[in-house]
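Visitor: Residue numbers (UniProt numbering): 1 to 377.
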Amino acid sequence: MALWDKLKGELVDVIDWLDDSGDTMVWRFPRYQNEIKYGAKLTVRESQAAVFVSEGRIADVFGPGLYSLNTRNLPVLTTLQKWYHGFESPFKAEVYFLSTRNFTDIKWGTKKPITLRDPEFGPVRLRSFGTYVVRVADPKAFITEIAGTEGHFTVEEITGQLTSMVITRFADLLAESKIPVLDLAANYNELSAWVTTKLAPEFSAYGLDLTKLLIENIALPKAVEEALDKRTSMGIVGDLDAYTKFQAANALEKAAENPSGDASAGVGMGMGFAMANQMTRTMADQGAQAIQPSAAPASSCAAVPPPLPAQEAITYYLGIGGEQKGPFSRKIIDEMIRDKTLTKETLIWRKGMDGWEKAADVQELRLLLGDGPPPLP
1 MALWDKLKGE
11 LVDVIDWLDD
21 SGDTMVWRFP
31 RYQNEIKYGA
41 KLTVRESQAA
51 VFVSEGRIAD
61 VFGPGLYSLN
71 TRNLPVLTTL
81 QKWYHGFESP
91 FKAEVYFLST
101 RNFTDIKWGT
111 KKPITLRDPE
121 FGPVRLRSFG
131 TYVVRVADPK
141 AFITEIAGTE
151 GHFTVEEITG
161 QLTSMVITRF
171 ADLLAESKIP
181 VLDLAANYNE
191 LSAWVTTKLA
201 PEFSAYGLDL
211 TKLLIENIAL
221 PKAVEEALDK
231 RTSMGIVGDL
241 DAYTKFQAAN
251 ALEKAAENPS
261 GDASAGVGMG
271 MGFAMANQMT
281 RTMADQGAQA
291 IQPSAAPASS
301 CAAVPPPLPA
311 QEAITYYLGI
321 GGEQKGPFSR
331 KIIDEMIRDK
341 TLTKETLIWR
351 KGMDGWEKAA
361 DVQELRLLLG
371 DGPPPLP
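As structure tokens, then:
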């Protein structure tokens, strides 16, 4: 078998590569004892490059075209070999074919969340993923730095290192950008171009060209998504009292439009709202009576103070996204603070205030927002 391989190597004088794998970056041309016949034809197709290695050194790099391997096309190799006798005997050299096409849809993604400080939500953890495209731009550098003497090198063998570089630089640049969490989706193109520009020199050191990097999504934590959903719902509802009345009116209107058996459902809904309001008022009246002191006996001469006047309920208005929302009761305001949908920076106004102020500057809200009194002297 070894004799046949030797004879075949002497006879075959065509060196080329047809790649049908789709993921091969480097392929070494197989020859018996690395002997290449003098005058052999080298075919390098489009999106390919051929690298000649002699005695462990890169001798020549060929781009697309048809070449006859002789002294005219191998000046560097001729100098290295110092051949005599007209160079008619086979010479020893290794031929590596490289694919210079774009390798697309290489996926990247953060294994662990990236912790950032957002001006509105505070510290948040984000996950991101996307794709990038690379190609071999410098065959000599790629053989020297990455592939080495490996006879078959695929894109999977280098994606681990490249992906780690992408994630590290992306996390650093995302933190430097200072873009608010709610504005990240509107800046995917800008961030992608920025990361591509920053990573290009590092890929170039490996003989690669980072053609394109895309950010497909930056995912928010579940808690932040829930807070955003609540804020969106509040913005849609607006005035809760008006919303309740509107729902009751809709129920009555549907009942009027359906005099059949379905009318009872609509009437029931309307009566439900009315009964709920009536029960709320009744329970409030009973609670007020329960806390009042019982009347003194007729024989007692002690004076009984009159009941306290009812205090006017305080309502608050919020400035969210440049729009006025409310009014909200103090109970709802407290819930919004606990859910962190109302922060220190949220604008707020109530009766008695000269103008809109930050929530952190409102006296009765400071403790809930985390601003306690100063330390005792």
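Note that the Cβ used here is the ideal one computed from N, Cα and C, for glycine as well.
What's the gap between the Cα of Ile146 and the Cα of Asp105?
Guide: Those two C-alpha atoms are separated by around 21 Å.
Visitor: Would you identify the three-state DSSP class for Asn102, choosing helix, strand or coil?
Guide: It is coil, neither helix nor strand.
Visitor: Evaluate contact between the region 190-205 and the region 147-159, counting only Cβ atoms and requiring at least three cross-stretch pairs below 8 Å.
Guide: In short, these stretches do not touch, since the Cβ pair count stays below three.
Visitor: If the criterion is Cβ atoms closer than 7 Å, does the pair Gly130 and Ile215 meet it?
Guide: For Gly130 and Ile215, yes; Cβs fall inside 7 Å.
Visitor: Just how far apart, CA to CA, sit Thr163 and Lys92?
Guide: Their backbone Cα atoms lie some 38 Å apart in a straight line.
Visitor: Quick one: is Trp349 buried, meaning 16 or more other Cβ sit within 10 Å of its Cβ, or exposed?
Guide: Trp349 comes out buried.
Visitor: Could you give the distance in angstroms between the alpha-carbon of Val267 and the alpha-carbon of Ile332?
Guide: The predicted model places Val267 with a pLDDT of 47, which falls under 50 and marks its position as unreliable, so this point remains unresolved.
Visitor: Considering only residues of the same chain and omitting the five flanking positions on each side of Val51, which have a CB-CB separation below 7 Å?
Guide: Excluding residues within five positions, the ones whose Cβ falls inside 7 Å are Ile58, Val61, Tyr96, Leu98, Pro139, Lys140, Ile143.
Visitor: Pick helix, strand or coil for Pro327, following the three-state DSSP scheme.
Guide: Reduced to three states, the DSSP call for Pro327 is strand.
Visitor: Comparing alpha-carbon positions, which option in Leu367, Leu368, Arg330, Arg231 lies nearest Glu323?
Guide: Nearest of Leu367, Leu368, Arg330, Arg231 to Glu323, Cα basis: Arg231.
Visitor: May I have a chain-ordered list of the alpha helix (DSSP H) segments no shorter than 4 residues that lie completely inside the region 131-165?
Guide: Runs found: 139-142.
Visitor: If Ile320 and Leu369 are in contact, beta carbons under 8 Å, what's the gap, nearest whole angstrom?
Guide: Rounded, the Cβ-Cβ distance is 16 Å, inconsistent with contact.
Visitor: Where does the unbroken beta strand (DSSP E) through Tyr317 begin, and where does it stop?
Guide: From DSSP, the beta strand (DSSP E) with Tyr317 extends over 315-320.
Visitor: Roughly how many angstroms lie between the CA atoms of Tyr132 and Lys37, to the nearest whole one?
Guide: Whole-angstrom Cα-Cα distance: 41 Å.
Visitor: Using only the alpha-carbon positions, how far apart do Pro123 and Leu116 sit?
Guide: Near 6 Å, if we compare the C-alpha coordinates of Leu116 and Pro123.
Visitor: Could you give the C-beta distance for Leu184 and Ile218, rounded to a whole number, given that I count them as a contact under 8 Å?
Guide: Indeed, because the Cβ distance is near 5 Å, the residues count as touching under 8 Å.
Visitor: Assuming Asp118 contacts Pro180 (C-beta within less than 8 Å), just tell me the rounded distance between them.
Guide: So it is a contact: roughly 6 Å between Cβ atoms.
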